[in-house]
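Student:
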Amino acid sequence: MQDIELHDIKTIVEIDEYSLFYLLGTIFITTLVVLALIYLLVRYIKSKNVYNKRAEHYKLMTLQSLSKTKEAAYAITFYGLAFRDDSPRHFEMYENLTKRLEPYKYKKEVEPFDDEVKSYIELYRGMIDV
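Numbering (my numbering), first residue to last: 1 to 130.
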């Protein structure tokens, strides 16, 4: 047998293939982005639905009708308590207001608020910051 030297056939060469790593990296980054978006969405929904006691009491206090004197006196005393400790001025105003509302609470029949008490109520409502 003759040994013929072949010049056009080459040995097997190893080719570096990174497409699997690119695919895995893309999947990993996409998963991180999706999880981050889900986390932000859940956090936004939770913060949106948080019960704010001060805002709710302010809303109920401003919606209180002053025509029902006895109910309004109790409600303003109860809802105003949430804002009493905001500052010394709020505390003093709340104490003054509760003293002025005292005659309208514990009687069976009460007359409507006089103008001075109405102005104190409106002043206290106006100085509340929610």
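Glycine included, every Cβ here is placed at the ideal spot set by N, Cα and C.
Because the structure is a prediction, the values reported are computed rather than measured.
1) Pick out whichever of E111, Y51, P103 and T62 has its Cα sitting closest to the Cα of Y124.
2) What do you reckon, are the CB atoms on T69 and F113 nearer than 7 Å?
3) Taking I121 and L66 to be in contact with their CB atoms under 8 Å, please state how far apart those CB atoms are, rounded to whole angstroms.
4) Along the chain, which unbroken stretches of the alpha helix (DSSP H) at least 4 residues long are found entirely within the region 31 to 71?
5) Taking the alpha-carbon of K118 as reference, which of A73, S47, H90 and V110 has the nearest alpha-carbon?
6) So, are the CB atoms of A82 and H57 less than 7 Å apart?
7) Whole angstroms is fine: what's the gap from L105's alpha carbon to T98's?
8) According to DSSP, simplified to helix, strand and coil, what is Y18?
Tutor: Taking the definition as stated:
1) T62
2) yes
3) 7 Å
4) 53 to 63
5) A73
6) yes
7) The sequence shown places Lys at residue 105, not Leu. Distance between the alpha carbons of K105 and T98 is about 10 Å.
8) coil
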